[in-house]
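There are 2 protein chains.
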Amino acid sequence: MQPCFVLVQPQMGENIGASARAMWNFGLDRLRLVSPRDGWPNASATAVASGAGRLLDEALVVDTTAQAIANTTFVFATTARHRALTKIVYSPERAMLESRKRLSAGEDIAILFGPERSGLDNACIARANAVISVPVNSESPSLNLSQCVLLIAYEWYRHGIIGVDRLETMPKSEWATHQEVESLAAHYEQQLTTAGFFFPPEKSNRMKQNLRNLWSRIPLTRAETQMLHGVLRQMARERNKDSQA
Amino acid sequence: MQPCFVLVQPQMGENIGASARAMWNFGLDRLRLVSPRDGWPNASATAVASGAGRLLDEALVVDTTAQAIANTTFVFATTARHRALTKIVYSPERAMLESRKRLSAGEDIAILFGPERSGLDNACIARANAVISVPVNSESPSLNLSQCVLLIAYEWYRHGIIGVDRLETMPKSEWATHQEVESLAAHYEQQLTTAGFFFPPEKSNRMKQNLRNLWSRIPLTRAETQMLHGVLRQMARERNKDSQA
Chain A
98 MQPCFVLVQP
108 QMGENIGASA
118 RAMWNFGLDR
128 LRLVSPRDGW
138 PNASATAVAS
148 GAGRLLDEAL
158 VVDTTAQAIA
168 NTTFVFATTA
178 RHRALTKIVY
188 SPERAMLESR
198 KRLSAGEDIA
208 ILFGPERSGL
218 DNACIARANA
228 VISVPVNSES
238 PSLNLSQCVL
248 LIAYEWYRHG
258 IIGVDRLETM
268 PKSEWATHQE
278 VESLAAHYEQ
288 QLTTAGFFFP
298 PEKSNRMKQN
308 LRNLWSRIPL
318 TRAETQMLHG
328 VLRQMARERN
338 KDSQA
Chain B
98 MQPCFVLVQP
108 QMGENIGASA
118 RAMWNFGLDR
128 LRLVSPRDGW
138 PNASATAVAS
148 GAGRLLDEAL
158 VVDTTAQAIA
168 NTTFVFATTA
178 RHRALTKIVY
188 SPERAMLESR
198 KRLSAGEDIA
208 ILFGPERSGL
218 DNACIARANA
228 VISVPVNSES
238 PSLNLSQCVL
248 LIAYEWYRHG
258 IIGVDRLETM
268 PKSEWATHQE
278 VESLAAHYEQ
288 QLTTAGFFFP
298 PEKSNRMKQN
308 LRNLWSRIPL
318 TRAETQMLHG
328 VLRQMARERN
338 KDSQA
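As you go down the protein sequences, you meet chains A and B in turn. Counting the first sequence from 1 gives a position; the numbering used here is that position plus 97. Counting the second sequence from 1 gives a position; the numbering used here is that position plus 97.
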């Protein structure tokens, strides 16, 4: 289950389309429209929505906010400004965590977004159970409608894929084992010893340690250890060739 | 301190303006542009940026990505697609936490955003130390440039409000700048070319890219780059001595 996003009296078709697209970027497809200014359907919305056209086709279009949220159990109002209404204010992150909790307990959730120019009016906000406020730079607080939808949708999706924040590697990469790195380090040490790099003798242990320390900090794949062995072999081969010449 | 956002070969002025505005929504104002398609300044960018016009006026405009990141110590590449380059992939959240830690330890951070149509190319990604990938619905993965900027900037700002732990570096360790790593990479490439390592010719570009990609993953101190230059010089000297013998 997922929350439904309710655009209240949206003005520009382009913004409705961009909002649908932003929702679908993050796997959300329950769109409701309250009295869109230019009527419905809207060709500009469809043009902008591109791959998210289905959301527009399936959108519930109603006359009043009350109808749009009638069968939901918990309603968030998005607003940038602080109003003279006493209301819990959630960050997008906390609001989406709360939504997931409530949805999994069988509730239904709506999130209200206001008209482009004015935002939600106090009558709408008063109907909401809580407010979502996106933290922004006070010198530049205006987000447009589809940007606001994008950020809330992103927060929804982000927490769905959590345990989040895994460190991932690109596909096909297989990390080198400690032993493989060790044998690479030994190969370098041996070649550099031959090349007379560890000089003067009283500093050689420290130099070797610095080099080992560096190896240990590199996250190496198996293919890369093989490449680096190849680098060394080629330089040694070249040297021998030179010296025979 | 804050990271700089680098737009690599952006195409539409509108997108540059919208990106500047999205940055400033979240208090970020260090913008760098690499070779914008339609030249600079750009009237469309200014029209869209509205309150964030200052970012455009103060933007550093350069010809190459290497110039844009020359004096930074850690570079993130934003990319949606998985590439055949082994690289740590961060979520936007973890990337911004990591950036805050590194910045507070005196580092400078760049975040690369690719051209609208194609995204960053592999040569750019190979130069980056890590990748940021925004988690999206696989059925609708395309975010536009300014949306991607918006989400990363939002994550930056969000964690500034929460506050984070500081990361301490080892005493006396001073990270190498991108330029220092670049010059080390060039030194290796030159020496390995001399040694005939990049063979056969049709594979040489791929081999060079793999090597560059490896450099970018190593967290190198300045002292270590000097040591590695020394390794190369010593091996070359040894080779010349052998060939004279």
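All residues carry an ideal CB built from backbone N, CA and C; glycine is no exception.
Residue i - containing alpha helix (DSSP H), residue span
i	result
A/Ala-227	That residue, A/Ala-227, is in no alpha helix (DSSP H); its beta strand (DSSP E) goes 227 to 229.
B/Val-105	Unbroken run through B/Val-105 is the beta strand (DSSP E), 101 to 105; no alpha helix (DSSP H).
B/Leu-194	189 to 201
A/Leu-247	242 to 257
B/Leu-311	298 to 314
Beta-ladder partner(s) of residue i, from DSSP
i	result
B/Thr-274	In the DSSP output, where bridge partners are listed per residue, B/Thr-274 has none listed.
B/Thr-318	B/Trp-272
Beta-carbon proximity list for residue i, same chain, < 7 Å, skipping 5 on both sides
i	result
A/Thr-322	Ala-273, Glu-277, Val-278, Leu-281
A/Asn-337	none
B/Leu-143	Here residue 143 of chain B is Thr; the residue named in the question, Leu, does not match the sequence. Answer for B/Thr-143: Gly-114, Gly-150, Leu-153, listed in chain order.
A/His-256	Met-193, Leu-194, Arg-197
B/Ile-166	Val-103, Val-172, Ala-207, His-275
A/Pro-238	Ala-177
A/Val-246	Phe-102, Ser-116, Ala-119, Met-120, Phe-210
A/Gln-244	none
A/Glu-236	none
Residue i Cβ short of 6 Å to the ligand NAD heavy atom set
i	result
A/Ile-249	This structure lacks the ligand NAD, and indeed carries no ligand of any kind.
Nearest to residue i (by Cα), restricted to the options the options
i	options	result
B/Leu-104	B/Pro-212, B/Asp-160, B/Thr-170, B/His-275	B/Pro-212
A/Gln-106	A/Trp-137, A/Ala-144, A/Ala-320, A/Tyr-254	A/Trp-137
A/Ser-196	A/Ser-116, A/Thr-169, A/Pro-133	A/Thr-169
B/Leu-311	B/Asp-205, B/Ile-222, B/Gln-108, B/Cys-101	B/Ile-222
A/Val-145	A/Glu-335, A/Ile-166, A/Ser-116, A/Val-172	A/Ser-116
A/Ala-333	A/Ser-239, A/Phe-102, A/Glu-286, A/Asp-160	A/Glu-286
A/Glu-271	A/Ala-227, A/Ile-315, A/Leu-248, A/Ala-320	A/Ala-320
A/Gln-288	A/Pro-297, A/Leu-325, A/Arg-303, A/Glu-252	A/Leu-325
A/Asn-234	B/Asn-112, B/Glu-111, B/Asn-122, B/Phe-102	B/Asn-122
B/Ile-258	A/Glu-190, A/Ser-313, A/Thr-290	A/Glu-190
B/Glu-111	B/Ala-140, B/Arg-129, B/Gly-124	B/Ala-140
A/Val-159	A/Lys-184, A/Thr-183, A/Val-131	A/Val-131
B/Phe-108	B/Thr-183, B/Ile-185, B/Arg-214, B/Arg-224	The sequence as given places Gln at residue 108 of chain B; Phe does not occur at that position. If we check each option's Cα against that of B/Gln-108, B/Arg-214 comes out closest.
B/Lys-184	B/Arg-330, B/Leu-329, B/Leu-308	B/Leu-308
A/Thr-175	A/Thr-290, A/Leu-217, A/Arg-224	A/Leu-217
B/Ala-283	B/Arg-224, B/Glu-236, B/Pro-297	B/Arg-224
B/Gly-327	A/Gln-244, A/Gly-293, A/Leu-240	A/Gly-293
B/Pro-232	A/Gln-244, A/Trp-253, A/Leu-242	A/Trp-253
B/Arg-303	B/Leu-182, B/Asp-135, B/Ser-243, B/Leu-240	B/Leu-182
A/Arg-127	A/Arg-134, A/Pro-133, A/Gln-331, A/Glu-155	A/Glu-155
Boundaries of the beta strand (DSSP E) in which residue i is found, first to last residue
i	result
B/Ala-220	Segment 219 to 224 is the alpha helix (DSSP H) holding B/Ala-220; no beta strand (DSSP E) there.
A/Ala-207	206 to 210
Same chain, Cβ closer than 6 Å to residue i, five either side skipped, listed in chain order
i	result
B/Arg-118	Ala-146, Ala-149
B/Thr-266	Annotation note: pLDDT 41 at B/Thr-266 (below 50); position unreliable, no value reported.
B/Arg-129	Cys-101, Val-103, Leu-157, Ala-165
A/Ala-250	Ala-119, Met-120, Phe-123, Leu-125
A/Thr-162	Val-105, Val-131, Cys-221
B/Met-98	Leu-200
B/Arg-134	Gln-108
A/Glu-335	none
Neighbourhood of residue i by C-beta, 8 Å cutoff - its chain only, sequence neighbours within 5 removed
i	result
B/Tyr-187	Phe-173, Glu-195, Ala-227, Val-228, Ile-229, Ser-230
A/Lys-305	Glu-286, Phe-295
B/Val-261	With a pLDDT of 41 at B/Val-261, under the threshold of 50, the modelled position of this residue cannot be trusted, and the question is left open.
B/Ser-301	Phe-295
B/Thr-318	Ser-270, Glu-271, Trp-272, Ala-273
B/Leu-264	Summary for B/Leu-264: the model assigns pLDDT 38, below 50, so the residue's position carries little reliability; its value from the coordinates is reported in the next sentence. Taken in chain order, the residues that qualify are Lys-198, Arg-199, Ser-201, Ala-202.
A/Asn-241	Asn-112, Glu-213
Subject >> Minimum length 3: unbroken beta strand (DSSP E) runs contained in the segment 107 to 187 of chain A >> reply: DSSP runs (the beta strand (DSSP E)) wholly in the segment 107 to 187 of chain A: 128 to 131, 157 to 159, 171 to 175.
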